Amino acid sequence: MMVVECKDISKSFGENQVLKGFSYKFEKGKIYVLYGVSGSGKSTLLNLIGGIDKPSSGEVIYYKNDVVDTSSKTILFRKRIAYLFQNYALVDNKSVKYNLEIALSYDNSKNKTEKMNLVLERVGLSDYLDKMIYTLSGGEQQRVALARALLKESDIILADEPTGNLDDKNAEVVISIFKQLRDEGKTIIIATHDVEFSQFSDEKIVLKSKNSNRTK
Numbered sequence: 001m002m003v004v005e006c007k008d009i010s011k012s013f014g015e016n017q018v019l020k021g022f023s024y025k026f027e028k029g030k031i032y033v034l035y036g037v038s039g040s041g042k043s044t045l046l047n048l049i050g051g052i053d054k055p056s057s058g059e060v061i062y063y064k065n066d067v068v069d070t071s072s073k074t075i076l077f078r079k080r081i082a083y084l085f086q087n088y089a090l091v092d093n094k095s096v097k098y099n100l101e102i103a104l105s106y107d108n109s110k111n112k113t114e115k116m117n118l119v120l121e122r123v124g125l126s127d128y129l130d131k132m133i134y135t136l137s138g139g140e141q142q143r144v145a146l147a148r149a150l151l152k153e154s155d156i157i158l159a160d161e162p163t164g165n166l167d168d169k170n171a172e173v174v175i176s177i178f179k180q181l182r183d184e185g186k187t188i189i190i191a192t193h194d195v196e197f198s199q200f201s202d203e204k205i206v207l208k209s210k211n212s213n214r215t216k
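Going by the UniProt record's numbering, the sequence shown opens with residue 1, and the numbers climb by one from there.
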């Protein structure tokens, strides 16, 4: 079942064309890994799929149950897509709870604390709710960012170098959770240099410098 389709998308920044004519169909319940040298457009492609940026040409089409999703872009990106940033994108001088609540800003339920504790337990950070972000290691911060993504209950998870700054232990936790999410039917698209991801990815996409020719 298709969830996202890139149709002949290109992206330029001034005179520099980063992506050229990229087309691909992403399906439900799969892990996709984007490989390529620095500057080949991996992060740019994630930003285009995630709605953070717009393609210079071409289009990104979203599907729900194999039908084109006509939801407004705001609703689409708020509910269906979660993003794991390379720099974690956490508020350093605030608590873990504060950062997780950002993902629940549109949740009117009364059990928010319970939800936050459940995702923290899932990423191996039980009892971290009241800790300050600046006191955590890089690996712990990445797991908080992952917990925040889990709270959105999104169909699509975009991850930019999710293990790039992690030790082996923390990287294993992140990889294990990605596998679980795939089994739950989530679509995960990862931009990385880490060859470990090739061992469990369903499809590999190689972006070549200055254009988007790819191989599986």
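Ideal Cβ positions, reconstructed from N, Cα and C, are used throughout, including at glycine. Only a predicted model underlies this, so the values are computations on that prediction, with no experimental measurement involved.
Please name the residue, chosen from Ser38, Arg143, Ser109, that lies closest to Leu120 on a Cα-to-Cα basis.
Arg143
First through last residue of the alpha helix (DSSP H) which encompasses Phe173:
Rather than Phe, the amino acid found at residue 173 in this sequence is Val. 168-183 is the extent of the alpha helix (DSSP H) around Val173.
Just checking my contact of Ile190 with Pro162 at CB under 8 Å: how many whole Å lie between their CB atoms?
6 Å
Between which two residues does the beta strand (DSSP E) harbouring Val37 extend?
First-last for Val37: undefined, no H or E at that position.
Under a Cβ-count criterion, where at least 16 other Cβ atoms within 10 Å of its own Cβ denotes burial, should Thr215 be classed as buried or exposed?
Its pLDDT being 48, under 50, Thr215 is placed unreliably by the model, and the measurement read from it follows with that caveat. Under this definition Thr215 is an exposed residue.
In DSSP terms, what Thr187 is bridged to:
Ile156
What ranges does the alpha helix (DSSP H) occupy inside the region 89-166, keeping only unbroken runs of at least 4 residues that lie completely in it?
96-101, 112-122, 138-151
For Lys112 and Phe197, the rounded distance between their alpha carbons:
33 Å
Relative to the C-alpha of Val18, which candidate in Val4, Lys30, Leu46 has its C-alpha closest?
Leu46
Within a Cβ cutoff of 6 Å, which residues of the same chain sit near Ile102, ignoring the five residues on either side of it in sequence?
none
For Lys42, count neighbouring C-beta atoms within 10 Å of its own C-beta (all shown protein chains included) and say buried if the count is 16 or more, exposed if not.
buried
Cβ atoms of Lys7 and residue 219: under 7 Å apart, would you say?
With the chain running from 1 to 216 in the structure shown, residue 219 is simply not present.
From the DSSP output, in three-state form, read off Glu59 for me.
strand
In terms of alpha-carbon separation, which member of Ser137, Gln141, Arg182 lies closest to Leu90?
Gln141
If contacts are defined as beta-carbon pairs under 8 Å, then Arg148 and Gly29 qualify, I think. What distance do you get, rounded to the angstrom?
Arg148 to Gly29, Cβ: 22 Å. No contact.
Could you have a look at Phe197 and say whether DSSP puts it in helix, strand or coil?
helix
Would you grab the beta carbon distance between Gly164 and Gln86 for me? Rounded to a whole angstrom, and I think it's under 8 Å.
6 Å
Give the secondary structure of Leu19 by DSSP, where H, G and I count as helix, E and B as strand, and everything else as coil.
strand
How long is the line joining the alpha carbons of Met1 and Ile205, rounded to whole angstroms?
19 Å
Under three-state DSSP, which class holds Ser12?
strand
I need the straight-line Cα distance from Leu166 to Glu172, nearest angstrom please.
9 Å
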